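Quick note, the sequence shown lines up with residues 7 to 106 if you use the numbering used here.
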Amino acid sequence: LELAGSRSMSDFAAGMHVSPPAATEMVERLEERGLLVREHDRADRRVITVRLSRAAAAEARAVLARRRRDLQRALQRVPEVPPAVVLAFMTALIEELRTE
């Protein structure tokens, strides 16, 4: 949600690969813990949207920044690999992830 911003409940459920009732249960628990905010969409009050709370968004940004730093450090230690090898690996990885 930090990257996507506010999302409808149906988009949230689809993004989490769960049914709408399961998504509602997840959102209720996260909302109780102060991590999510549930609101009516301004354009269509029938639509419920969810977004990270300010505290959760700040924590998500901090976690993403740490992950980026860790990845950059790790990549600096990896020996140089020919671009064709990297491309073949990334193509195979993407295909594998699509079939899951």
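In this text, a Cβ means the ideal position worked out from N, Cα and C, and glycines have one as well.
The structure presented is a predicted model; accordingly, all values stated were derived computationally and were not measured.
Under the DSSP assignment, Leu58 falls in the beta strand (DSSP E) whose first and last residues are Ile54 to Leu58. With a cutoff of 8 angstroms on beta-carbon distance, Ser59 and Leu41 are scored as near each other.
Ranked by Cα distance from Arg51, the first of Thr97, Met96, Met15 and Pro89 is Met15. When secondary structure is reduced to three states using DSSP, Ser14 falls in the strand class. In chain order, Leu42 place their CB closer than 6 angstroms to the CB of Leu36, counting only its own chain and leaving out the 5 sequence neighbours on each side. DSSP lists Val56 as the bridge partner or partners of Arg44. The Cβ-Cβ distance between Val53 and Arg44 does not fall below 8 angstroms. For Glu101, the uninterrupted alpha helix (DSSP H) run begins and ends at Pro89 to Thr105, by DSSP.
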